[in-house]
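All remarks here apply to the structure that follows.
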Amino acid sequence: MDLFSFRKPKNELESLPDEQQNVPFVPDEMWVKCPKCNTMLLTTDLEENHRICTKCNHHFRMNARQRIEMIADKDSFCEHDGELESKNILNFPGYDRKLEKARAKGARESVVCGKCKIEGIDVVMCVMDSDFMMGSMGTVTGERITRAFEHATEKGLPVIVFTVSGGARMQEGILSLMQMAKTSAAVKRHSDAGLLYITVLTDPTTGGVTASFAMEGDIILAEPDTLVGFAGPRVIEQTIRQKLPKDFQTSEFVKEKGFIDAVVSRDDLKNTLVKLLKLHGYICEEGDRQ
Amino acid sequence: MTAYDKVMAARDANKLTSVDYISKMFGDSFIELHGDRRFADDKAIVAGLAMLFDTPVTVIGIEKGRNTKERIERNFGQAHPEGYRKALRLMKQAEKFHRPILCLVDTSGAYCGISAEERGQGQAIAENILEMSTLKTPILTILIGEGGSGGALALAVADEVWMLENAVYSVISPEGCASILWKDSSKAPQAAEALKLTAQDLFDLGVIERIIRQPKAEDQAMFESLKLLISRTFEKNLALSSDELVNARYERFRKIGVPAE
Chain W
1 MDLFSFRKPK NELESLPDEQ QNVPFVPDEM WVKCPKCNTM LLTTDLEENH RICTKCNHHF
61 RMNARQRIEM IADKDSFCEH DGELESKNIL NFPGYDRKLE KARAKGARES VVCGKCKIEG
121 IDVVMCVMDS DFMMGSMGTV TGERITRAFE HATEKGLPVI VFTVSGGARM QEGILSLMQM
181 AKTSAAVKRH SDAGLLYITV LTDPTTGGVT ASFAMEGDII LAEPDTLVGF AGPRVIEQTI
241 RQKLPKDFQT SEFVKEKGFI DAVVSRDDLK NTLVKLLKLH GYICEEGDRQ
Chain G
1001 MTAYDKVMAA RDANKLTSVD YISKMFGDSF IELHGDRRFA DDKAIVAGLA MLFDTPVTVI
1061 GIEKGRNTKE RIERNFGQAH PEGYRKALRL MKQAEKFHRP ILCLVDTSGA YCGISAEERG
1121 QGQAIAENIL EMSTLKTPIL TILIGEGGSG GALALAVADE VWMLENAVYS VISPEGCASI
1181 LWKDSSKAPQ AAEALKLTAQ DLFDLGVIER IIRQPKAEDQ AMFESLKLLI SRTFEKNLAL
1241 SSDELVNARY ERFRKIGVPA E
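Going down the list, the protein sequences come from chains W and G. Its first residue numbered 1, the first sequence is counted upward by one per residue in my numbering. Its first residue numbered 1001, the second sequence is counted upward by one per residue in my numbering.
Next comes the structure, spelled out in structure tokens:
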């Protein structure tokens, strides 16, 4: 199956019946309000600006498809293991319906992995997707990421992972927890082979993903406006019974505390990744230059 | 016993804690070692060296404390990043001297507070998991009470993981699970059932290798047989080459949750 064939056609106006074409048509999704500065933004403007608010620079969330379009060279992304899909392995009550609902929104799994080129440089890329159960890590998430690292180790390729996750997927119980160990072991083998691993933390990166591969990159970048933490803010407030400081667990905060290398604006992200790849000796193969 | 009864048993304030197991199994031979050499000594983790018959071993346990005063001092067995970093320091030391490592796990989870986040709880757990996956010395983990999520896994990337018959090991507490999924923490018993967190469940799922009978404080013979079991497992793994040991550990986790194709 084509990875994105489930997406709606772009031009919905064409398919409208005649009588409706005469009345002003304002689809719900035409405008969005920036949660930070409250400006109303045209969806098309927002998309063109990599989903960054044109007024206050707030970074809106991006799904995996949008992320791949932004980072990978055109048509270069080739998905791996897309046929692996989550099942209700523990017969957890309500999980089947939850999976159906998540898939109805478009994404097939909480991570998309594959090979692509970035300005002609071959990389393995894993992109988590907040549209699918808030990027929670189940066994298939872990398996796809592990296979991506194993493939990269075998082929001598660098790995870039974009994280977004509410944590481990509790409907898969202990098996989801074990994915932290499985993925980390694959990261370690990739690292021991002398290969580069870059993580890009996007909003929100928490729980079992923070406590495994998100924090294991040789270089850890984060987007602005990103929540980064182990425990979620609500859990912490319940534990300590007090309000948290305003900037707590933001990407700027974790940089300040020494846990990430840099906060990089989305505008500058592809450029930064290419620079880092080149600094590690990964180059564009002849004939691939665009 | 229902799954939730097991959760309650695992949390029972009167059950034996890590320091009890250490004193019953290793007696006077145990020497406690402190500190992560970076920030502080986390009392939620008790660690040191001991003699297992005639083999020196590194022992690392999460300690909840046995009375109110101790529990406060031990932060109820909820470790901070410096606790996990102390554990990793001593695991690296064990690797250097080729000493087997015994981890005892009993925690509701890693501490969730401002101080823990500021000092990189996620990073500390991630680093333990990453490093343990290739540590070139045998590691055995026994869950002696609660195995709470990442805070437990940070000491459980081992060659074998065992559980006491009344221990539990879960990705989230049944109360947390019930309140997130069903907005009702009183449904914790149903969540406990659904999460498959008992020793028998985990054995059936291939996540642990052995279920251990619950020892009683006065029954020294049971601790002696537990020691024997531990010692045999270490002997078996000490006989392997470093590569064989590390590859077996990789495969142990690699096969968990591989979807049938």
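Glycine included, each C-beta is placed from N, C-alpha and C at the ideal position. Note that the coordinates shown come from a computational prediction; the quantities given were computed from them, not determined experimentally.
Reference residue i; option with closest CA among the options
| i | options | result |
| --- | --- | --- |
| residue 1159 of chain G | G:1030, G:1129, G:1093 | G:1129 |
| residue 1080 of chain G | G:1032, G:1227, G:1151, G:1037 | G:1151 |
| residue 87 of chain W | W:62, W:45, W:138 | W:138 |
| residue 249 of chain W | W:100, W:259, W:39, W:158 | W:259 |
| residue 240 of chain W | G:1176, G:1206, G:1225, G:1116 | G:1116 |
| residue 292 of chain W | W:194, W:181, W:209, W:105 | Residue 292 of chain W lies beyond the stretch modelled for chain W, which goes from 1 to 290, so this question has no answer here. |
| residue 1208 of chain G | G:1163, G:1219, G:1019, G:1197 | G:1163 |
| residue 81 of chain W | W:41, W:204, W:150, W:32 | W:150 |
| residue 1042 of chain G | G:1185, G:1067, G:1110, G:1182 | G:1110 |
| residue 1037 of chain G | G:1011, G:1194, G:1087 | G:1087 |
| residue 1099 of chain G | G:1256, G:1250, G:1239, G:1017 | G:1239 |
| residue 143 of chain W | W:172, W:233, W:183, W:173 | W:183 |
| residue 1153 of chain G | W:131, W:179, W:277, W:224 | W:179 |
Opposing strand residues paired with residue i [DSSP bridges]
| i | result |
| --- | --- |
| residue 292 of chain W | Here chain W has residues from 1 to 290 only, and residue 292 of chain W is not among them. |
| residue 1060 of chain G | G:1047, G:1103 |
| residue 197 of chain W | W:159 |
| residue 117 of chain W | W:122 |
| residue 33 of chain W | W:40 |
| residue 262 of chain W | W:221 |
| residue 951 of chain G | With chain G covering 1001 to 1261 only, the question about residue 951 of chain G has no answer from this structure. |
| residue 250 of chain W | W:227 |
| residue 127 of chain W | W:112, W:162 |
| residue 137 of chain W | W:168 |
Contact check, residue i vs residue j, beta carbons under 9 Å
| i | j | result |
| --- | --- | --- |
| residue 1023 of chain G | residue 1051 of chain G | no |
| residue 176 of chain W | residue 135 of chain W | no |
| residue 273 of chain W | residue 52 of chain W | no |
| residue 229 of chain W | residue 1122 of chain G | yes |
| residue 168 of chain W | residue 159 of chain W | no |
| residue 112 of chain W | residue 64 of chain W | yes |
| residue 244 of chain W | residue 237 of chain W | yes |
| residue 103 of chain W | residue 162 of chain W | no |
| residue 1165 of chain G | residue 1211 of chain G | yes |
| residue 1044 of chain G | residue 1062 of chain G | yes |
| residue 157 of chain W | residue 124 of chain W | yes |
| residue 251 of chain W | residue 235 of chain W | no |
| residue 140 of chain W | residue 85 of chain W | yes |
| residue 1134 of chain G | residue 1102 of chain G | no |
| residue 109 of chain W | residue 129 of chain W | yes |
| residue 231 of chain W | residue 212 of chain W | no |
| residue 215 of chain W | residue 1120 of chain G | yes |
| residue 1217 of chain G | residue 1020 of chain G | yes |
| residue 114 of chain W | residue 73 of chain W | no |
| residue 55 of chain W | residue 284 of chain W | no |
| residue 291 of chain W | residue 202 of chain W | This structure cannot speak to residue 291 of chain W, because chain W is shown only from 1 to 290. |
| residue 1137 of chain G | residue 1077 of chain G | no |
Simplified DSSP assignment, three categories, for residue i
| i | result |
| --- | --- |
| residue 1122 of chain G | helix |
| residue 283 of chain W | coil |
| residue 221 of chain W | strand |
| residue 40 of chain W | strand |
| residue 1226 of chain G | helix |
| residue 9 of chain W | In this prediction, residue 9 of chain W has a pLDDT of 45, which is less than 50 and means its spatial position is unreliable; what the coordinates show is noted afterwards. Three-state result, residue 9 of chain W: coil. |
| residue 1055 of chain G | strand |
| residue 1073 of chain G | helix |
| residue 112 of chain W | strand |
| residue 1031 of chain G | strand |
| residue 1250 of chain G | helix |
| residue 1243 of chain G | helix |
| residue 185 of chain W | helix |
| residue 1084 of chain G | helix |
| residue 1215 of chain G | coil |
| residue 95 of chain W | helix |
| residue 1231 of chain G | helix |
| residue 212 of chain W | coil |
| residue 290 of chain W | Per-residue confidence for residue 290 of chain W stands at a pLDDT of 47, beneath the threshold of 50, marking its modelled position as unreliable; the derived number appears in the next sentence. Residue 290 of chain W falls in the coil class under three-state DSSP. |
| residue 105 of chain W | coil |
| residue 242 of chain W | coil |
| residue 90 of chain W | coil |
| residue 1110 of chain G | coil |
**Prompt:** Taking the runs of the alpha helix (DSSP H) that are 4 residues or longer, which of them lie wholly in the segment 47-87 of chain W?
**Reply:** 64-71
**Message:** So within the segment 1131-1213 of chain G, which uninterrupted alpha helix (DSSP H) runs reach at least 4 residues, ignoring any that extend past its ends?
**Reply:** Taken in chain order, the complete alpha helix (DSSP H) segments of 4 or more residues contained in the segment 1131-1213 of chain G are 1149-1153, 1174-1182, 1188-1195, 1199-1204.
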